[in-house]
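Peer 1:
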Amino acid sequence: MENSTQRFPMGRVGKLNTTLSYGSRWKTQHNALYESRWKTQHNALYESRWKTQHNALYESRWKTQHNALYESRWKTQHNALYESRLKTQHNALYESRWKLSTTLSMNRVGKLNTTLFMNRVGNSAQRFL
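Going by this note's numbering, the first residue of the sequence shown is number 154, and it counts up by one from there.
(1) Quick one: grab the DSSP three-state call for Lys180.
(2) If you draw a straight line from the alpha carbon of Asn244 to that of Asn232, how long is it in whole angstroms?
(3) If we require 4 or more residues per run, which alpha helix (DSSP H) segments fall completely within the region 172–257?
As structure tokens, then:
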């Protein structure tokens, strides 16, 4: 029987280990390098696609809801503000016009009545004289 040193002389075992060691190191580094490159590109591609679609979907939903909410709030406040301003100005304008016309007509009527009354009194006084 041979012992293990006769079957595998030191030179050969060392050479084999060295070859296996460098071969496996090269393969490991090579695979690690290209696998990481592939993973990086693959993930970058699909992650960016997913992110793009995801963000587009949720961003548009968020924008729609956000704009709808704040636009309606803005419109409500804006309309309420300008509607009240318009009503105030409108009422102030027409109220002052109405008061003015009423006052003028009352003055005219009052003057007319006074004039007519004074004429009657004057005429009746002349009648009795």
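Ideal placement from N, C-alpha and C gives every residue a C-beta, glycine not left out.
All values derive from a computational prediction rather than experimental measurement.
Peer 2: With the given structure in hand:
(1) Translated into the one-based positions of the sequence shown, residue 180 becomes position 27. Here DSSP, grouped into helix, strand and coil, assigns Lys180 to helix.
(2) Counting from one through the sequence shown, the residue named residue 244 turns up at place 91. Counting from one through the sequence shown, the residue named residue 232 turns up at place 79. Each residue's alpha carbon lies about 17 Å from the other.
(3) Entirely contained in the region 172–257, not one alpha helix (DSSP H) run reaches 4 residues.
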